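Numbering (the numbering used here), first residue to last: 3 to 208.
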C-alpha cells in the first residue's frame, strides 16, 4: 500500500471514514460499489464468521495456514501467516479447490487471537560464531545462511490508521528524495553547460 491508495483492504469501511481515507481509493472489509473499493471477495469470504463477530465490523484479520506440496513436488511443508485477503490474492483459494486433483494439502490452522502457534520461517547465519575448518570464517567473510523456525501466535492485523500513517510518512520521504534527485540533476546540467562555455558555475541553482 502507498499513501495514494490500494486495492487491498486496510480496515473496515468505518475505520477508513474515521481516518479521513477515501473509500474509492482504499480497499476495506466491505461490499464493493462504484463509490467503494471494498473487497472483491467480501460476499463469499471463507473468513466471514470471524470477520462478522462484532456487529459485522471486525474487518480484515491475519491467519496461519499450512501448505504441504504434492508427492510429485516433494511433499515439502511450510506454515505461513498472512491477511485473509491474501488467501485469495496469492492463489491459495484456487489451489485449495484443486487439491483433490493436485495432491496438495492446504489447511487453515488458526486465526489471530487464537492460542495456536504457527511455525514462522526465518533465515539465520549458519555460523554465528567462527567454526574451525571454515575458510570463510577464518577470513571473516562467512555469510552462510540457513532456515530456522520460531513458533509464534498469529499477530493481529494492523488497523487502517497505523498503516496509513506509516505509508503516508514513507510517501513523504519518497517525495523528498525525488526532489533532491531533481535538484542534483539540475546542478549537474548547469555544471555541464558552464563547462561547455569554458567557465564554472558561481552559484548553485535555487
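In this text, a Cβ means the ideal position worked out from N, Cα and C, and glycines have one as well.
The structure presented is a predicted model; accordingly, all values stated were derived computationally and were not measured.
Query: Assigned secondary structure, residue 88 (DSSP; H/G/I helix, E/B strand, else coil); Result: helix
Query: Close beta carbons around residue 108, own chain, < 7 Å, minus the five adjacent residues each side; Result: 67, 69, 94, 97, 98, 101
Query: Burial state of residue 137 (16 or more Cβ within 10 Å); Result: exposed
Query: Option in 77, 83, 134 with minimal Cα separation from residue 113; Result: 83
Query: CA-to-CA distance, residue 80 to residue 30, given in whole angstroms; Result: 29 Å
Query: Residues of its chain near residue 90, where Cβ-Cβ distance is below 6 Å and the 5 sequence neighbours each way are ignored; Result: 43
Query: Own chain residues within Cβ distance below 8 Å of residue 117, not counting five before or after; Result: 155
Query: C-beta contact flag for residue 26 and residue 39 at 8 Å; Result: yes
Query: Extent of the continuous beta strand (DSSP E) to which residue 112 belongs; Result: 107–113
Query: Whether residue 151 touches residue 131 by CB criterion (8 Å); Result: no
Query: Beta strand (DSSP E) segments (min. 3 residues) lying fully within the stretch 5–83; Result: 8–11, 64–70
Query: Same chain only: Cβ atoms within 8 Å of residue 1, ignoring 5 sequence neighbours per side; Result: Only positions 3 to 208 of the chain appear in the structure, and residue 1 is not among them; the question remains open.
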